[in-house]
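Note sheet for the following structure.
Residue numbers (my numbering): 253 to 540.
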């Protein structure tokens, strides 16, 4: 039986986790990243390494993008564009600007190239366990054609509308998730100031009406000051900026997200931008 083949551009925290799941499911992964050490890690893990994005476009019918920003997505697609052909599909997992994402989908469709903004809810650690969901915008038939890929790393996947709607849904999800994380950080900081035992506090919160899954994934990291990266704080700050911009475009104020933005900026200025996003707990003890 011939192995399935897929391209993957962007081998950072999320991209490498997706690659691991695909390789474990016996897919041939042709990957590329500007960081050659990440390429070597892919090769060591059983994947193939491309010389550049153009080779990925030439050699693969389906291509996953796992990139930090819309700017980088547009630049990478530009590098691939001369090599793209009708019938190919680009699966863009980047949390990006919804309007620009929609425009990219239309531009690619005009060339016969399918496009999904297939955003992921969950961290790289959760992706490695196959415990994330995919929220995809784009044509339904393109979504259906990619379910075999989603099945390799996600527990559920949803078609949420046209191009850009996957990015929009991810911003909604990240708004709620980020505020849950900030609320937990503030609650643990409050408990510490009251001289409560933090492990006991977390255990009680996890059994209480206040419970959220953030407590499972970030609670002990906050208590221990273990900010080994699962998802960077700077990336979530980027997402909150996108959230606020999208809300402004819709004529809406988001007061909690505005405060969250200030907390994240303070943590980044204090040197926690490259740390795990659980480091937001540090923002509550910074001197004003």
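Think of the CB as a built atom: it goes at the ideal place given N, C-alpha and C, for glycine as much as any other residue.
These figures come from a predicted structure and were not determined experimentally.
### Message
Quick test of your reading: residue 204 and residue 492, contact by CB under 8 Å. State the CB separation rounded to the nearest angstrom.
### Response
The question about residue 204 has no answer here: the residues shown for the chain are numbered 253 through 540.
### Message
residue 418 and residue 572 - do their beta-carbons sit closer together than 7 Å?
### Response
The question about residue 572 has no answer here: the residues shown for the chain are numbered 253 through 540.
### Message
Only counting the same chain, and skipping five residues up and downstream in sequence, which positions put a Cβ closer than 7 Å to that of residue 298?
### Response
275
### Query
For the alpha helix (DSSP H) that contains residue 536, what are its first and last residues?
Counting along the chain, residue 536 falls outside any alpha helix (DSSP H), and DSSP gives it neither H nor E.
### Query
By Cβ distance below 6 Å, which residues in the same chain neighbour residue 524 in space, the five residues on each side in sequence not counted?
485, 531 and 534
### Message
Our contact map puts residue 380 next to residue 272 with C-beta atoms below 8 Å; I'd like the distance itself, whole angstroms only.
### Response
6 Å
### Task
Starting from residue 456, follow the beta strand (DSSP E) in both directions and report where the run begins and ends.
Where residue 456 is concerned, there is no enclosing beta strand (DSSP E), although the alpha helix (DSSP H) it sits in stretches over 450–459.
#### Entry: Alpha-carbon spacing of residue 295 relative to residue 287, whole angstroms
13 Å
### Query
Between 263, 384, 270 and 414, which lies nearest to residue 320 when the distance is taken from Cα to Cα?
263
### Task
Could you pull out every residue in the same chain whose Cβ sits closer than 8 Å to the Cβ of residue 513, ignoring the five residues on either side in sequence?
489, 492, 493 and 496
### Query
With distances taken from CA atoms, which of 266, 277 and 279 is nearest residue 285?
266
### Query
Counting along the chain, where does the alpha helix (DSSP H) carrying residue 395 start and finish?
Note, residue 395: alpha helix (DSSP H), 392–397.
### Query
Under 7 Å between the Cβ atoms of residue 332 and residue 362?
No, the pair does not count as a contact, with Cβ atoms beyond the cut-off.
### Nearest candidate by alpha-carbon position, reference residue 439, set 454, 260 and 351
454
### Message
In the DSSP output, what is residue 388 paired with across the bridge?
### Response
370 and 411
### Message
Between 278, 269, 282 and 277, which has its C-alpha nearest residue 260's C-alpha?
### Response
282
#### Entry: contact_flag[the region 434–451, the region 334–341] where n(CB pairs < 8 Å) is 3 or more
no
### Task
For my contact list, residue 469 and residue 536 are in at a C-beta cut-off of 8 Å; report their separation, rounded to the angstrom.
Wrong, their Cβ atoms sit about 19 Å apart, outside the cutoff.
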